[in-house]
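Undergrad:
In our numbering, the protein residues as written are 244 to 1165.
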């Protein structure tokens, strides 16, 4: 069935917008699709903007008829409210509104498929994942479209869905998954800044040469609700017609209108007074979310062209005090302009780069907002990274914030000062809807019906051959168009499956020695070309159908995508239905450090020989002395093991794993192998192939240890799993928790028969391992923490070496920490449980109980997310005790403000050193 419509969807942080045009024939106008939605209980209206929000009503809050939509009768069960009514209800009732789901899609520190939104909501409020929330908005507009066009269903149309240019692979994949869950499996992705420019080009298509006659470089600045996207587009001339090519895209920047609303909410919160004139208590996460919505509306009124002098912001009460408990503050136009314009768009020098603040006032709701809120400084940094292109002479602004003339004028003035001359304005009259319209214009451009951006790939890409002759096969010629598949005819390859492999690509900007641009599949000599390597793709390719073959003949098909990746499809020569996709990220950060696998130490080969002598097949009779000396030999060859980087540790682990059978030869062998393997794979993540390594390592868990009567072997077994716990999934951590419980609480729980292969664990080893399981459910963490604290408070605990052991105290701080080291932020224990544990720690004599101060500091460490953080009163109690105890200044700073962990802090929280260059996300 051929499509009747071309549809562009802007799934925005704040609004979702749909535009469309006929899919056949000439198109003169791209129009908006007004989306039917609830605008009041029981009242439906069609509006061009669908607020990207969903409200989860309490039981009985709304009658079934209040939620009826034209395509859906009143729901008998639970139904969420989506769109305009959701925004209205969320502004009245705190803790039930899902907002900024799009921002959560790019937040790697949480489990984005887990039900975590509304963030910080009470336990009795329904929660959904960021993917589910995004899918619900798309499902709503699909239902609205299909209701209006029942003979042209949305899923059968030509669809283009826009995403931020700075979205990484994971965020883009989750966006596609949300669309698929909404019943929209077939669509193209397009970057939002590019879509905004496509809209401008379409509207000026009849006189494009005249409109761009003085333009050589366009800066597209797209400030949405949750992100700021920057792109540079070069304008060349082919005769009288301009030719546009995108040459640079900014890095991911979580900074947008949400941050401005939050800054105003912080100002309003500071002014809120109780009816009695006393200082109000700090707002909960739900109340702050409600206040942010109120401040958003005030901001839009006060920055409009006909703005009043001031606007009132009212925070409603809760429950029976909904109206009577309301509190209000007044925001003036002058102070809103000062906070938003001067705070987010300060007039700075072109050399002033983004600041790395110790703590950001814009941290809330669990989202990692940019520490420097100044958009202009981020633009300066972006232009410095691409200084070879020169300064832009034209500016296209997109996003609802630029409806405020003061903001647009400030940005123009700042860029004009850098350039020494005003920039040409590419006028965007409708920044709220330009992206959706531009998505349609892009589809038209693909059919030759509208101006197009880009002359194809700016470089040629090659797959080097391992033949020792410096040759490579061209997989994507320079000039290849985006979205077009290229088959490498006449070239057959062999793909290794079932084990880790690395794929390397290099690129060139021109032919070598005056040679023409190579063709796809052409074999070339790289020795005559200036090549640039790309970050390799490391993966494990798995064959379908349980084939036992280790190598499969394949042909290659490549495609340059619209979102900056090179897709390489390996297609089985014997079964074309078998395809394996690899994606290479072509846009690399020029300031990023070199690839971790850039090189190994010169004596690495000797280190492998030492490992082979101890664990390999050749020398089975190696003596105990040689086994015990292996660690010392490795450090003599490679340096202190605490300074071994991930790029060295993982090849060492691979060597140990290949010789894993050798660990059974003696207790000395097993102790050493377990110790080195855990050390070289810690913390279980950090390298592209760690998932595969962890899966291989986990296969030995149920086997246990060979020398089970050796207590040190047992200890090293549990140390291994503690060190790699960050790479274990929920199921594996739950399995470790079972053995933790039996080893420490078996007798207490009435378990007298131990599993035959259970490895015994001592108190310190098991407590440290149990506290490292950040992916177990929060209620299990609470149970462990309560048990440890109960032992701490028992009569006679002062004489119990385990109850107040240093590692016991460390475990309490680790389990109750507000900022997890690798687990999802939504999995922390409730603040109430952490406060109870803190009270127990504060009751101790810190001079006599070593480790109590460090535990309290870790437990109270500030994350910046008020849904997780302890109250200000609780943290002030900890700060006072730490100061009286003369604790290290970094401990106190971590409780007082949001600061990243330094190396010593990581060692204290993680329990030992991390590989150099690897930082934990907590």
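Glycine included, every Cβ here is placed at the ideal spot set by N, Cα and C.
1) Going by alpha carbons, who is nearest to residue 802 out of 794, 827 and 1144?
2) Below 8 Å on the Cβ atoms is my guess for residue 1130 versus residue 1096; work out the distance and round it to an integer in Å.
3) What residue from 311, 263 and 407 has the CA that sits closest to residue 499's CA?
4) Give the DSSP-derived three-state secondary structure of residue 832 in the structure shown.
5) How many Å lie between residue 1194 and residue 653 at the Cα?
6) Pick out whichever of 1067, 347 and 1103 has its Cα sitting closest to the Cα of residue 1081.
7) So, does the stretch 302-310 touch the stretch 255-269, judging by three or more C-beta pairs under 8 Å?
8) Residue 296 by DSSP, collapsed to three states: which one?
9) What does the alpha-carbon distance come out to for the pair residue 630 and residue 889?
10) Look at the Cβ atom of residue 574, then the Cβ atom of residue 510, and state whether they are nearer than 9 Å.
11) Tell me the DSSP bridge mates of residue 797?
12) Quick one: what's got a C-beta closer than 7 Å to residue 396's C-beta in the same chain, skipping five residues either side?
13) Can you tell me whether residue 838 is helix, strand or coil according to DSSP?
14) Which stretch, first to last residue, makes up the beta strand (DSSP E) that contains residue 637?
15) Taking contact to mean 3 or more Cβ pairs, one atom from each stretch, closer than 8 Å, check whether the stretch 900-919 and the stretch 958-967 are in contact.
16) Pop quiz: residue 440 and residue 696 are said to be a contact at Cβ under 8 Å. What is the actual Cβ separation, rounded to whole angstroms?
17) By Cβ distance below 6 Å, which residues in the same chain neighbour residue 363 in space, the five residues on each side in sequence not counted?
18) Going by DSSP, what residue range makes up the beta strand (DSSP E) through residue 532?
19) Going by DSSP in three states, residue 465 sits in which element: helix, strand or coil?
20) Strictly by DSSP, which residues pair up with residue 854?
21) In whole angstroms, what is the alpha-carbon distance linking residue 564 and residue 1046?
22) For the alpha helix (DSSP H) containing residue 1051, list its first residue and its last residue.
23) With distances taken Cα to Cα, identify the nearest neighbour of residue 443 among 266, 677, 545 and 870.
24) Does any heavy atom of the ligand GDP sit closer than 8 Å to the C-beta of residue 985?
25) Compare the beta carbon distance of residue 324 and residue 299 with 9 Å and say whether it is the shorter of the two.
26) Keeping to the same chain, check which residues put their C-beta closer than 8 Å to that of residue 435; ignore five residues upstream and five downstream.
27) Using only alpha-carbon positions, find the residue among 1140, 1133, 1132 and 1128 that is nearest to residue 1118.
28) For residue 808, does the three-state DSSP call read helix, strand or coil?
29) Bridge partners for residue 488 per DSSP, in chain order?
30) Looking at C-beta atoms only, is the number of pairs between the stretch 1064-1075 and the stretch 1124-1138 that lie closer than 8 Å three or more?
31) So for residue 1024, helix, strand or coil by DSSP?
32) So which of 1105, 1115 and 587 has the shortest CA-CA distance to residue 1134?
33) If you follow the alpha helix (DSSP H) that residue 248 is part of, which residue opens it and which one closes it?
34) Just list the residues that DSSP pairs residue 1169 with in beta bridges.
35) Would you decide whether residue 832 is buried or exposed? Buried here means 16 or more other CB atoms lie within 10 Å of its CB.
36) Looking at the unbroken beta strand (DSSP E) that takes in residue 719, where does it start and where does it end?
TA: According to the data block:
1) 827
2) Indeed they touch by this definition, with Cβ atoms about 5 Å apart.
3) Looking only at 311, 263 and 407, the smallest Cα-Cα distance to residue 499 is reached by 407.
4) Caution is warranted here: a pLDDT of 46 is assigned to residue 832, below 50, making its placement in the model unreliable, and the coordinate value is therefore given only provisionally. Coil.
5) What is shown of the chain runs 244 to 1165, which leaves residue 1194 out entirely.
6) 1103
7) Contact between the stretch 302-310 and the stretch 255-269 is absent, because fewer than three Cβ pairs lie under 8 Å.
8) coil
9) 33 Å
10) yes
11) BP columns for residue 797 point to 736 and 815.
12) Excluding sequence neighbours, residue 396 sits near 389.
13) For residue 838, the predicted model reports a pLDDT of 40, less than 50, meaning its position is unreliable and no value from the coordinates is stated.
14) Where residue 637 is concerned, the enclosing beta strand (DSSP E) stretches over 637-641.
15) Yes, the stretch 900-919 touches the stretch 958-967.
16) 6 Å
17) 528 and 1110
18) Per DSSP, residue 532 belongs to no beta strand (DSSP E); it is in the alpha helix (DSSP H), 528-545.
19) strand
20) DSSP lists no partner for residue 854.
21) Summary for residue 564: the model assigns pLDDT 43, below 50, so the residue's position carries little reliability; its value from the coordinates is reported in the next sentence. C-alpha separation (whole angstroms): 46 Å.
22) 1049-1058
23) 677
24) Because no ligand of any kind appears in the structure shown, any question about the ligand GDP cannot be addressed here.
25) yes
26) 253, 405, 406, 407, 408, 465, 467, 472, 641 and 678
27) Nearest option by C-alpha distance: 1140.
28) strand
29) 477
30) Cβ pair count under 8 Å is below three, so no.
31) helix
32) 1105
33) Where residue 248 is concerned, there is no enclosing alpha helix (DSSP H), although the beta strand (DSSP E) it sits in stretches over 248-254.
34) Coverage of the chain is limited to positions 244 through 1165, which leaves residue 1169 absent and any answer about it impossible.
35) The predicted position of residue 832 is uncertain, since its pLDDT is 46 and thus under 50; a value taken from the coordinates is nonetheless stated next. By the 10 Å Cβ count, residue 832 comes out exposed.
36) 714-719
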